[in-house]
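Shown next, in structure tokens, is the structure this report addresses.
There are 2 protein chains.
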Amino acid sequence: MPAPSKRTQVHRHPERGDYDRATIDQILDEALICHVAFNDGDSAPRCLPTIHARVGDTVYLHGSTAARAWKALRAGAEVCIVATIVDGLVMARSAFNHSMNYRSVVVFGTAREVTEEEELHTAAAAITSHVAPGREDEARMPTAAEYRQTLLLAVPIEEASAKVRSGPPKDDEEDMELPIWAGVLPLHTRPGEPQPDPQLSGDLDVPPSVSGYHRPGGQ
Amino acid sequence: MPAPSKRTQVHRHPERGDYDRATIDQILDEALICHVAFNDGDSAPRCLPTIHARVGDTVYLHGSTAARAWKALRAGAEVCIVATIVDGLVMARSAFNHSMNYRSVVVFGTAREVTEEEELHTAAAAITSHVAPGREDEARMPTAAEYRQTLLLAVPIEEASAKVRSGPPKDDEEDMELPIWAGVLPLHTRPGEPQPDPQLSGDLDVPPSVSGYHRPGGQ
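So the protein lines, in turn, are chains A and W.
No gaps in the numbering here: position 34 of the first sequence is 472 in this note's numbering, and each next residue is one more.
No gaps in the numbering here: position 86 of the second sequence is 524 in this note's numbering, and each next residue is one more.
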């Protein structure tokens, strides 16, 4: 990993900055969705929530060829991809020192549209597996016609950084004896009861990707 | 609410677009964090995860006066604020028709720095209450010196829209009889066990904002 660039260097709370690829990859893999910001000629940027998946040194973004919002991206606009996981609420004695435990990654780069057949397969399987590990072995994978309607964009992980906060609150010395509870309330993403499609054909068991659902690395 | 603008009109899956203020407000209130995209003179926009709170027709964003990333925002850059809640994974028979049930809001506008004392109080209490309802009555609220280090930005909810997907998967007719389980796996944000600060003074009970934690409207 090269040195942080001007825009990936963490200035505010530099102790939270992490430029290690293992940390960056883990956060990208665990975060279910990301937000992608880019300019499309308007005065404000656009920002879209979307599904992503990492394969080696590449982040794939998933869109639709029919979506006009993605037009600038297909034309090679620069992107800022942010993936954020909130791990808990940091309750300090003072409102000012409240915080969150979180892990976030930012990736800057230029998106390239995936068009080559083998890479389309790789990216589509990675996106499916990213959302629900194992589902790529259960679902019917895309036909050629479906690939033509799927927009897969590739962004190299070259200019990236992570920012991580963990641990208890940090209150000011003079607040430490206040009779106010302080600590961390962890937050987890948990699956509920699977809801079978009302049109489900026959008596199909809930498959492993659903019954054993968890985020990679997630608790 | 005025008619949707060119950039808040939902083109892709127009049936998912919702321009009703009640829907927009509910999503902004329930989403724990948002992502804020803006231009700061670089070729790509910046995108930051941050805490927000809604008070009436205003979204307040919370930052630090020490954070250089917020400099362009303080100078009046246009912003694109996106708040996204993932409600569940939509498992279709085909990989192509996989989706997510989600609710998202986009707000375009120009940020105004909050400087007036009464509005600072209102916004700070709203931010605290947004993260943990009731916490604003438990924690020590900010001093004048702390307000000087807190950056609160106000963005009017004038140009905004929501996008919502719910319900079962929509597979193609020819896939309906495939022996592949299809349905929805709901996802919930759940609090774990509160972790008291190791430096907690005395024997303080876990307060209501922590023991009864839930997102407003959240299940």
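All C-beta atoms, glycine included, are put in the ideal place defined by N, C-alpha and C.
| query | result |
| --- | --- |
| Any beta strand (DSSP E) of 3 or more consecutive residues that is wholly inside the stretch 469 to 509 of chain W | 471 to 476, 484 to 493, 496 to 502 |
| Rounded straight-line distance, which links the Cα of H490(W) to that of S542(W) | 14 Å |
| Straight-line gap, E612(W) to L466(W) (C-alpha atoms, nearest Å) | 39 Å |
| Within 7 Å, strictly: CB atoms of V545(W) and V474(W) | no |
| Closest by C-alpha distance to S649(W), when choosing among E551(W), V520(W), P634(W), G514(W) | P634(W) |
| Same chain, Cβ closer than 6 Å to R653(A), neighbours up to 5 away in sequence not counted | E468 |
| Selection of the stretch 444 to 477 of chain W by Cβ proximity to chain A, strictly under 7 Å | R445, H449, R450, L470, I471, H473, A475, F476, N477 |
| Secondary structure of P646(A), DSSP reduced to three states | helix |
| CB of D609(W) within 7 Å of CB of A507(W), strictly | no |
| Contiguous beta strand (DSSP E) assignments of at least 3 residues, all confined to the stretch 552 to 608 of chain A | 588 to 594, 597 to 603 |
| Start-to-end residues for the beta strand (DSSP E) that takes in Y540(W) | 537 to 548 |
| L625(W) at chain A interface by Cβ criterion, 7 Å | yes |
| Residues within the stretch 588 to 601 of chain A neighbouring chain W, beta-carbon criterion of under 8 Å | T588 |
| Cα-Cα separation between D480(W) and R454(A), rounded to whole angstroms | 23 Å |
| L625(A) (DSSP reduced to helix, strand or coil) | strand |
| Own chain, CB closer than 6 Å to V602(W), minus 5 neighbours either side, in chain order | R454, D456, R541 |
| P442(A) at chain B interface by Cβ criterion, 7 Å | Considering every chain present, this structure includes no chain B. Its protein chains are A and W. |
| Cα-Cα separation between T548(W) and C518(A), rounded to whole angstroms | 20 Å |
| Rounded Cβ spacing between E638(W) and A620(A) (contact assumed at less than 8 Å) | Checking the sequence, you will find Leu at residue 638(W) rather than Glu. Contact flag correct, Cβ pair sits at about 6 Å. |
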